[in-house]
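Residue numbers (the numbering used here), protein chains in the order written: chain B, 1 to 763; chain L, 1001 to 1338.
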Amino acid sequence: MTAAAPEPKANMGHPVPRYDAAAKVTGRATYASDMPLDNPAYAFLVTSAIAKGRIDGFDLDDARQVRGVIDIVTHENAPKLKESKLFSNGGYAGTTIQPLKSADVAHDGQIIAVVIAESYEAAREAANRVKVSYTAVAPSASFESPGTTTTAAKGQNAQFKEDPEVGDFAKAFDAAEVKLTASYDTPTQHHNPMELFTTSCAWMGDNLVIYEGSQYVYGLKNGVAEQLGIDADKVRVVNPYVGGGFGSRGSMTPRTAIIAGIAKRLNRPIKLVPTRDQGFTIATYRAETRHEIRLGAGRDGKLVALRHDGAEVSSRPDAYCVGGTKTTTRLYACPNVASLVSIVRADRNTPGFMRSPPEVPYLFALESAMDELAVKLNMDPVELRRINDTTVEPIGGKPYTSRSLMACFDEAARAFGWSQRSPQPKSMSDGDWLIGYGCAATCYPTQMAPSAARVRLQRDGRTRVEIAGHEIGTGAYTVIAQTAAERLGVPLEKVAVFLGDSDLPPAPVAGGSNSTASTCSAVMMVCDRIRQRLFKAVTPSDSLADKAKETVGISQAPSTQAAQSDRPLDIEKAFDALGVGIVEEYGEWKPEGAPLDSFTAMHSGHARLVGGHQMKDRIAYAFGAEFVEVRVNRFTHEIRCPRLVGAFAAGRIMNPRTARSQLMGGLIWGMSSALLEATEIDERNARYVNDNLADYLVPVNADVPGVEVILLSEQDDHINPAGVKGLGELANVGTNAAICNAIYHATGQRIRKLPVRLENIEA
Amino acid sequence: MRSFSYQRATDPDMAVQALSAAATANNPLTKATAQPLAGGTTLIDLMKLDVMRPAAIVDINPLARSWSAIEPGSDGLRLGALAKMSDVAAHAEIQRNYPVIANSLKLAASAQLRNMATLGGNVMQRTRCSYFRDVSYENCNKRNPGSGCAAMDGVNRMHAVLGTSDQCIATYPGDFAQALIALDAVVEITGRSGTRSLPFADLHKAPGTTPEIETTLRPGELISAFSIPGRWPRSVYLKARDRQSYEFALSSAAVALDVQDGTIRDARVALGGVATVPWRAREAEALLKGQKFDDGLAQRVADAAFADAKGRRHNSFKIALGKRVVARALQQAVTMEI
Ligand SMILES: Cc1cc2nc3c(=O)[nH]c(=O)nc-3n(C[C@H](O)[C@H](O)[C@H](O)COP(=O)(O)OP(=O)(O)OC[C@H]3O[C@@H](n4cnc5c(N)ncnc54)[C@H](O)[C@@H]3O)c2cc1C
Ligand code: SF4
Chain B
1 MTAAAPEPKA NMGHPVPRYD AAAKVTGRAT YASDMPLDNP AYAFLVTSAI AKGRIDGFDL
61 DDARQVRGVI DIVTHENAPK LKESKLFSNG GYAGTTIQPL KSADVAHDGQ IIAVVIAESY
121 EAAREAANRV KVSYTAVAPS ASFESPGTTT TAAKGQNAQF KEDPEVGDFA KAFDAAEVKL
181 TASYDTPTQH HNPMELFTTS CAWMGDNLVI YEGSQYVYGL KNGVAEQLGI DADKVRVVNP
241 YVGGGFGSRG SMTPRTAIIA GIAKRLNRPI KLVPTRDQGF TIATYRAETR HEIRLGAGRD
301 GKLVALRHDG AEVSSRPDAY CVGGTKTTTR LYACPNVASL VSIVRADRNT PGFMRSPPEV
361 PYLFALESAM DELAVKLNMD PVELRRINDT TVEPIGGKPY TSRSLMACFD EAARAFGWSQ
421 RSPQPKSMSD GDWLIGYGCA ATCYPTQMAP SAARVRLQRD GRTRVEIAGH EIGTGAYTVI
481 AQTAAERLGV PLEKVAVFLG DSDLPPAPVA GGSNSTASTC SAVMMVCDRI RQRLFKAVTP
541 SDSLADKAKE TVGISQAPST QAAQSDRPLD IEKAFDALGV GIVEEYGEWK PEGAPLDSFT
601 AMHSGHARLV GGHQMKDRIA YAFGAEFVEV RVNRFTHEIR CPRLVGAFAA GRIMNPRTAR
661 SQLMGGLIWG MSSALLEATE IDERNARYVN DNLADYLVPV NADVPGVEVI LLSEQDDHIN
721 PAGVKGLGEL ANVGTNAAIC NAIYHATGQR IRKLPVRLEN IEA
Chain L
1001 MRSFSYQRAT DPDMAVQALS AAATANNPLT KATAQPLAGG TTLIDLMKLD VMRPAAIVDI
1061 NPLARSWSAI EPGSDGLRLG ALAKMSDVAA HAEIQRNYPV IANSLKLAAS AQLRNMATLG
1121 GNVMQRTRCS YFRDVSYENC NKRNPGSGCA AMDGVNRMHA VLGTSDQCIA TYPGDFAQAL
1181 IALDAVVEIT GRSGTRSLPF ADLHKAPGTT PEIETTLRPG ELISAFSIPG RWPRSVYLKA
1241 RDRQSYEFAL SSAAVALDVQ DGTIRDARVA LGGVATVPWR AREAEALLKG QKFDDGLAQR
1301 VADAAFADAK GRRHNSFKIA LGKRVVARAL QQAVTMEI
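If you want it as structure tokens, here you go:
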């Protein structure tokens, strides 16, 4: 075993290498824009240079002069498209702002024209020559700008139903022995997945094929069909590999239906490759947020009152919000809790999911405040968490299905060397560098959604698994192959997995860290049906053993005695008894508590995620603890983070290698979010300024010399048959606070606004 | 990208001819219709962004045969303009006798860029001002003379505090140029009428009222070499930046000292990341000459270096930062083992 392939502990699968590793490192993996098209035309977008106002007109003469230009599409001649509702309101779209519909401009970088040409270069040159005249109106950029409107989130957004509260916060806070009130800010961030927001569309008669990196091929297929006004069965979305998603490809963006419409009209396949900077405005982003936290505690450290008020920016038409109070009000034992989430409308594109959407900003606030409270109490911050640890969430009084928060703190603290920390701020240093240690809790809800799968087994053991899941770099191919191999008892090398194609059985959106739990539960169920058929063929039907086997796959517990005793099945014998060459099963799985319309919704591209705090009698979360060392240069105030250590418990770990990789990526992203990433907005014109990877900083290797991931063994029989809590969005949640807490320890300065840069450290 | 012609120049005359043929008298060099192509890491980038729109590209890489030599001598160093950043940074004698040069190159950009980029192209690199690099902004005096300056009251964290004008506050972003200006380098320029020499300090021009004019180089002229008089084993390049690697300076200092028996005989201080052009802090360094070093002196030098600095909304921090960087670089230079 190596660092990259940790030794499996109890309730962990094998750290087998990635199913798609060789294809990826040799360049054989075909991403959406690698798909060959027959005689394609190339599209290049023209985007708005103002954030609000109207287009008075275009001067296209110069652009049309460019050799190879085929067409220039503007609102004056664009294909007519139908509207789609916002994803979080039951639709498919990431924004309801539909470009090319009218002369109106609603945000910076809105698509205002599409140039089609014989080559990419010609399309780009012509796009550069498109002249636009506008009547600009002064836009509202963000929180500080005049002209925004603020309203409570509750009731505006179907996904944000309540502001959690319990007890009497005001009274308890008033009476608390120790009080803390503090405000925190997080910035605008962009996902910047490596793969650009490309789209290729090709029609064959009435049938449309879309090649596009997507985290939800069923959503995209149905959404585009809705916008085009055609039958969803005529649309197919294909993307066997996705070059990173991080939430940015979870909902439909306007570009896809536009390109499909133009391709139809021109009767020619069209390939769109937008630029990196266009990616900042034609897709979604994490909006800036503001928080006020109030904590009241006794001298013993027990929380008696907690209030979390959050404000988030959204666009004028859409009430997108992440509402992380659902998590922060339930994390610690506290009898008196209040909260309020508001949405501030500005002249911006609609924000959207970005890795751990609610938890990243909201836990930054809470976990920073917990550290501040620990300082006020003169208490070790780990002990403060221990004192307030709970097995029951305080709002609804529901028990956690499992919760290894303190076990994670203890493991990570040991590995990190927390005991070496001298608690006084500014008390540790090494030459030019002040040293700080900090920690924070991390958590993410366990979510599941209905999923289907088709599995085909041949007499020689070769297996084919088909499911319209998504390989966004997480290891979906690998864990699905492992699941099928294990359930069918066939060698891993014999399993072929097909993902990323909406002609395959539906899988949910690859979001909310639900994919492994959902798809693997479906694959397990379908594999078990195949086993039952095979067993029936070779076992006398009245035997007791058979009765036990009948229950395999329906049972919530995957490794019952009965299931284990099934193991030695001679597949060839069973096939001969059945008298067939192939056994194939299709099945649809849904989690406990899924709504009645789950399966219909699944086929029409609506994911019905359940879990987290929305389970009936319980609450399900994965937990972890993160410890960081920061170094702050005495002279330059440069801030570096030489060590990140995280311990995580997330139910069954399907593959310690891919799990570690996800968690490591999360820790690194968390560090990036704390110290580097921010989209700068020019508040005069509500435009993004650093919309490229040279100016939007992300870490380089030299910034992350030490990252350690510890996987804790945890078994949870109350969540899903696979026993899996998602972990893709677990690790980047706590890091922001851990780093600010460490900066406080290094310098004595509490910084409540992200990202922290050298100018934020005072002399 | 607009259409352009591409020509490979196999000897200096051919390059100069090709570049001069297209030159028109009233076009500043930055807007010249013909541009030389070295590593291309600035030029191609800006062409893709539609910021630079040359009609002709003259590839000077074949001249590397004669223009990429690294020649350390007893009385100085000569560097060919087409030497790669990575080769110069890795050269043992340069690391020993000119650490400020080696480190200014090593701490710049990324390994991949340093393998492509040349010294000549490096000193000619253009500002990273986001408004300059985004043609959807009309108002950029450097790109669009007379149109105003979007950065002045916009997002200007990365911008300059020294050498600014009310027309432009764009930072000169390079690192290597600070080492050159500190060490009194001389630029060798090849043009139609042969070669001429110019103090490196006279190569770049502060924005003043003509931010579109960045250097005194004329269309049709090429930098062929740099020469650096003397040896400067006691020299450092200190660079403060947001990332540990692959990032431009928020503030940097190139410092070279000649210390004998505890007395500073000669001192050079140049500043990066804070000025519109490669910046020599002559008044500040004068304070050092003939003195014994102590922290108080370092502080006075740092204060003098930024005496005329003017901050704007997001970049004022660079004044205090720059002073600490200068003071620390001086301390490092004094205490370094040579
Ligand atoms: C992401 C990124 C990060 C970077 N970070 C840093 C950094 O931290 N520090 C730093 O110093 N630099 C940095 N750079 C800039 C980089 O060092 C320069 O782009 C590079 O040195 C330019 O050299 P080149 O040979 O590629 O020039 P080219 O792109 O070929 O040319 C640049 C300009 O100089 C002209 N030119 C080229 N050669 C000559 C010559 N011999 N005579 C006259 N004119 C000539 C060209 O016409 C062009 O206008 C970075 C660049 C990038 C893209
Ligand atoms: S600072 Fe200079 S380069 Fe930047 S916008 Fe202003 S004029 Fe243009």
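We put the CB at the ideal spot given by N, CA and C, even for glycine. All of these numbers come straight from a predicted model, not from anything done at the bench.
| Check | Outcome |
| --- | --- |
| Those residues which DSSP pairs with residue 688 (chain B) across a bridge | B:681 |
| Interface partners of residue 676 (chain B) on chain L, CB under 8 Å | 1242 and 1243 |
| Cβ neighbour criterion (16 or more within 10 Å) applied to residue 587 (chain B) | buried |
| Any non-hydrogen atom of ligand 2 within 6 Å of residue 1141 (chain L) CB | yes |
| Where residue 20 (chain B) falls, given that 16 or more other Cβ within 10 Å makes a residue buried | buried |
| Amino acids of chain L, ordered along the chain, whose beta-carbon sits closer than 7 Å to that of residue 695 (chain B) | 1130 |
| For residue 1071 (chain L), the three-state DSSP class (helix, strand or coil) | strand |
| Local Cβ density within 10 Å of residue 765 (chain B), reported as buried at 16 or more and exposed below that | Lying outside 1 to 763, the shown extent of chain B, residue 765 (chain B) is not represented and no answer is given. |
| Where residue 1152 (chain L) sits in the DSSP three-state scheme | coil |
| Residues within the region 731-762 of chain B neighbouring chain L, beta-carbon criterion of under 8 Å | 757, 758 and 759 |
| Euclidean distance between Cα positions of residue 1173 (chain L) and residue 1249 (chain L) | 7 Å |
| Cβ-heavy atom distance, residue 1042 (chain L) to ligand 1, below 6 Å | yes |
| Residues of the region 1048-1078 of chain L with Cβ closer than 7 Å to any Cβ of chain B, in chain order | 1050 |
| Residue 63 (chain B) beta carbon near ligand 2 (any heavy atom closer than 6 Å) | no |
| Close-in-space but distant-in-sequence residues of the same chain around residue 1148 (chain L) (CB under 6 Å, 5 per side omitted) | 1139 |
| Proximal residues to residue 704 (chain B) (C-beta, below 6 Å), its chain only, five neighbours per side dropped | 668 |
| Which of helix, strand or coil DSSP assigns to residue 1279 (chain L) | strand |
| is_contact[residue 1147 (chain L), chain B] using C-beta, thresh 7 Å | no |
| Contact set between residue 1324 (chain L) and chain B, taken where Cβ atoms lie within less than 7 Å | 635 and 636 |
| Integer Cβ distance of residue 305 (chain B) from residue 367 (chain B), believed to fall under 8 Å | About 17 Å separates the two Cβ atoms, so there is no contact after all. |
| Span separating the alpha-carbon of residue 118 (chain B) from that of residue 266 (chain B) | 12 Å |
| Outcome for residue 1092 (chain L) when other beta-carbon atoms lying within 10 angstroms are tallied against a minimum of 16 | exposed |
| Burial state of residue 477 (chain B), where buried means 16 or more other Cβ atoms lie within 10 Å | buried |
| Cutoff 6 Å; reference residue 1211 (chain L); Cβ partners in own chain excluding five residues on either side | 1141, 1142, 1167 and 1168 |
| Chain-ordered residues of the region 679-690 of chain B with a beta carbon less than 7 Å from chain L | 680, 682, 684, 689 and 690 |
| In chain order, each beta strand (DSSP E) run of at least 3 residues that lies wholly inside the region 105-162 of chain B | 111-117, 131-136 and 149-152 |
| Where residue 584 (chain B) sits in the DSSP three-state scheme | strand |
| Cross-chain neighbours of residue 1246 (chain L) in chain B, by beta carbon under 8 Å | 700 and 702 |
| Any non-hydrogen atom of ligand 1 closer than 6 Å to residue 1118 (chain L) Cβ | yes |
| Heavy atom of ligand 1 within 6 Å of residue 1124 (chain L) beta-carbon | yes |
| Proximity of residue 625 (chain B) and residue 727 (chain B) at Cβ, strictly below 7 Å | no |
| Cα-Cα separation between residue 1241 (chain L) and residue 1053 (chain L), rounded to whole angstroms | 31 Å |
| Residue 1085 (chain L), buried or exposed, once every other Cβ within 10 Å from all chains shown has been counted against 16 | buried |
| Residue 1320 (chain L): first and last residue of the uninterrupted alpha helix (DSSP H) it sits in | 1317-1335 |
| Contained beta strand (DSSP E) runs [length at least 3] in the region 438-511 of chain B, N- to C-terminal order | 451-458, 463-466 and 495-498 |
| Three-state secondary structure assigned by DSSP to residue 378 (chain B) | coil |
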